[in-house]
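Per our numbering, the very first residue in the sequence shown carries number 2; after that it's consecutive.
For every residue, glycine included, the Cβ atom is placed at its ideal position computed from N, Cα and C.
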Amino acid sequence: MNQYPLWKYLLIVAVLVVGVFFALPNIYGNNPAVQIKADRDAPVDEILEGRIVDALKSVGIKTLRVERDDRSLLLRFADENTQLKAQDQIGSDLGSQYVVALNLAPATPAWLERLGALPMYLGLDLRGGVHFLMEVDMAGAIRQAEQRYAADLRQMLREEKIRYAGISRRDSGGVLLAFRDNETRGDAYNLIRRELPELELTERDNGKQPELLARMNQRSVDEVMRFALQQNITTLRNRVNELGVAEPVIQQQGADRIVVQLPGVQDTAKAKEILGATATLEFRMVDTEHSVQDAVAGRVPPTARLYRESNGSPILLQRSVMLSGDYITDASSGIDQQSGSPAVFITLDGKGASLFSKRTRDKIGRPMATVFIENKSETVTVDGQEIKRRTTEETVINVATIRDQLGKRFQITGLSTTEEARDLALLLRAGALAAPIEIIEERTVGPSLGQENIEQGFRSVIIGFILVLILMAIYYKVFGMVANLALTFNLVMIVAVLSMLQATLTLPGIAGIVLTTGMAVDANVLIFERIREEIRNGNTPQASIEAGYKKALSTIADANITTLIAAIVLFGFGTGPIKGFAVTLSIGIVTSMFTAIMGTRAVINLYYGGRRVQKLLI
């Protein structure tokens with residue numbers, strides 16, 4: 002009686018060893034660091050690393066460690082003052098080709114990282130960082146959608162040879178089409194109803210010529226607004242990667258707002274610059290009929306526009322847009338099977354595939370350009386007052402030849418490197434904001450405040466932990482000491498699971514751990530009281546231990562399962578802080594079931610099992 006088979010002991014030891022191993026990285030803290038990320042095709046190699054290290058040495062700045070991968074470089078420093086000096090030196094040395102941002106990097110030893118042991122992330126309230134509340138310009142999203150419809154209507158009427166007097170988007174909303182006679186307007190009406198059923202059409206007469214007003218129906222407007230919000234959230238997540246943030250919080254708030262929390266980010270100016278930039282993509286045909294030199298000299302034909310490629314070379318493109326990036330649902334980089342050169346594989350939605358197929362039907366063999374349009378918002382001081390000014394940059398990032406009529410899936414070739422193809426795929430997949438965004442609220446949590454929160458939270462856990470240990474040791478003697486050992490390992494297991502899942506610990510999460518510390522001994526209290534009751538009923542010590550664990554199990558399971566259900570509901574319906582509480586509470590419930598039942602039973606079996614016992618120290 003009261004003996005485990007060998008495999009159970011080995012399982013418990015293995016779980017505890019794994020738990021200690023994955024909890025270990027959390028004791029090393031963080032290093033102030035500078036993150037350097039390449040902007041598009043700028044190289045990140047040994048030459049860049051040596052150049053930066055030499056530049057820092059020349060001004061007496063010493064690095065603790067330098068880490069490099071294909072796209073970024075991370076330099077660690079001993080303190081924040083050195084970190085700030087290094088950022089100024091690196092920023093002035095590299096210029097605009099690289100993103101230089103401040104960060105906090107885990108100080109985990111390299112051997113632990115190689116074995117996959119990483120510390121858990123700390124939330125904004127513990128680590129410090131920045132909080133942004135952004136508002137999506139829904140009117141701008143609808144305006145962009147109406148501009149796309151205007152371009153689509155022009156192309157559609159031209160293809161069907163329906164003559165129109167003018168097509169323009171109205172400031173008050175909708176697209177206005179003018180015709181020379183009622184018969185032509187009727188043909189256009191039937192065509193639009195058939196091809197674009199989401200548009201509501203109204204026939205008008207201004208006294209000079211018949212008109213047709215096309216407006217999106219309410220369902221289409223709602224879809225445009227929903228897409229703008231979700232696409233912006235996806236794009237912001239990709240842009241946050243440039244800041245090197247390990248565990249950002251990016252989530253919807255209300256119908257038109259997005260919350261962005263960046264733990265560990267200290268360079269708020271760079272964060273605002275990257276997150277606030279608005280970008281779009283367009284596909285345009287290259288104008289091969291007119292001279293680029295004439296356009297550079299100022300003689301630009303009315304059907305074309307002059308652009309610049311990424312290397313600064315001028316290029317002439319047609320004014321009409323073949324397709325905008327809004328129709329792209331996926332993009333991935335790879336290798337063209339025929340030529341073996343880098344390529345980007347594009348997937349369009351149904352509407353985009355239909356439009357692109359029609360527009361590329363007679364353009365096979367001609368070059369097409371991808372234009373990256375970025376709208377940046379900057380604050381300037383005019384007459385002592387700060388005003389916001391928007392600037393637009395339009396760059397041709399790719400020119401490729403159309404090989405076949407393009408539809409739902411096609412590929413872009415003519416790229417020089419696989420890295421360029423990967424960058425282009427990223428831009429096409431999620432590099433464009435569907436609508437402009439405005440930062441309407443900004444809060445900064447300093448590292449010192451975050452450190453104070455960590456210390457207070459740690460102190461609360463320790464105080465609660467020690468009080469429970471003392472109470473259990475006094476009240477249940479040897480059995481209480483066994484419960485204390487299980488409680489200690491339960492805390493280690495919670496930290497280990499958070500680290501393995503790379504979850505984020507916040508102040509509410511610490512509250513969940515404190516609550517779990519008290520709840521973890523509940524199971525042992527139930528078991529020990531049941532053992533005392535069995536002894537009072539005259540059972541032998543060994544039988545009392547067996548009955549105590551067996552009879553209390555159903556009660557313990559019921560109590561913990563109901564609490565776990567409540568924690569799951571909190572996680573499913575709660576926001577950030579509530580989710581942080583629910584995560585640690587859920588993990589604590591599961592680990593406490595293991596340590597409080599299997600763990601304590603294993604120790605009790607080793608101490609009392611297999612021998613005659615006259616009295617239990619309980």
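Looking at C-alpha atoms only, which residue of the options is the closest neighbour of residue i?
i, options, result
"residue 272", "255, 237, 457, 305", "237"
"residue 129", "80, 481, 263, 150", "263"
"residue 408", "357, 455, 395, 454", "357"
"residue 147", "501, 91, 221, 190", "221"
"residue 193", "436, 215, 296, 459", "215"
"residue 490", "53, 522, 17, 79", "17"
"residue 85", "572, 105, 69, 68", "105"
"residue 158", "173, 176, 170, 188", "188"
"residue 459", "163, 496, 87, 472", "496"
"residue 63", "69, 49, 82", "82"
Classify residue i as helix, strand or coil using the three-state DSSP reduction.
i, result
"residue 4", "coil"
"residue 219", "helix"
"residue 167", "strand"
"residue 312", "coil"
"residue 85", "helix"
"residue 135", "strand"
"residue 599", "helix"
"residue 284", "strand"
"residue 211", "strand"
"residue 290", "coil"
"residue 372", "strand"
"residue 306", "strand"
"residue 418", "coil"
"residue 570", "helix"
Which residue comes first and which comes last in the alpha helix (DSSP H) that contains residue i?
i, result
"residue 534", "508 to 537"
"residue 297", "293 to 297"
"residue 194", "183 to 196"
"residue 438", "No alpha helix (DSSP H) holds residue 438; the beta strand (DSSP E) holding it covers 438 to 446."
"residue 111", "111 to 115"
"residue 54", "47 to 59"
"residue 127", "125 to 128"
Short of 7 Å in beta carbon distance, which residues of its chain neighbour residue i, apart from the five on each side in sequence? Order them along the chain.
i, result
"residue 354", "408, 409"
"residue 482", "474"
"residue 586", "513, 516, 517, 568"
"residue 253", "230, 234, 259"
"residue 108", "29, 30, 31, 32"
"residue 320", "304, 305, 306"
Measure the C-alpha to C-alpha separation of residue i and residue j and round it to an integer number of angstroms.
i, j, result
"residue 259", "residue 508", "22 Å"
"residue 306", "residue 102", "36 Å"
"residue 542", "residue 613", "9 Å"
"residue 326", "residue 119", "38 Å"
"residue 512", "residue 589", "11 Å"
"residue 617", "residue 65", "56 Å"
"residue 251", "residue 337", "36 Å"
"residue 190", "residue 197", "10 Å"
"residue 232", "residue 485", "50 Å"
"residue 56", "residue 91", "8 Å"
"residue 61", "residue 335", "44 Å"
"residue 393", "residue 374", "7 Å"
"residue 99", "residue 93", "11 Å"
"residue 368", "residue 309", "15 Å"
"residue 122", "residue 493", "16 Å"
Closer than 6 Å by C-beta to residue i: which residues in its own chain qualify, once you throw out the five before and the five after it? Chain order, please.
i, result
"residue 412", "344, 346"
"residue 330", "348, 350"
"residue 168", "151, 154, 155, 178"
"residue 139", "226, 257"
Quick check on the DSSP output: the beta strand (DSSP E) that includes residue i runs from which residue to which?
i, result
"residue 541", "Segment: none, residue 541 is in no beta strand (DSSP E) and carries neither H nor E."
"residue 200", "200 to 206"
"residue 344", "343 to 349"
"residue 73", "73 to 77"
"residue 331", "329 to 336"
"residue 66", "66 to 69"
"residue 617", "No beta strand (DSSP E) contains residue 617, which DSSP labels as neither H nor E."
"residue 263", "258 to 264"
"residue 25", "First-last for residue 25: undefined, no H or E at that position."
"residue 178", "176 to 179"
"residue 103", "99 to 107"
Sorted by chain position, which residues of the same chain lie with C-beta nearer than 8 Å to residue i's C-beta, five sequence neighbours on each side aside?
i, result
"residue 454", "126, 127, 508"
"residue 605", "3, 480, 483, 546"
"residue 599", "9, 13"
"residue 564", "520, 586, 590"
"residue 556", "527"
Indicate whether at least one CB of chain B lies closer than 7 Å to the CB of residue i.
i, result
"residue 297", "Absent here is chain B; the protein component of the structure consists of one chain."
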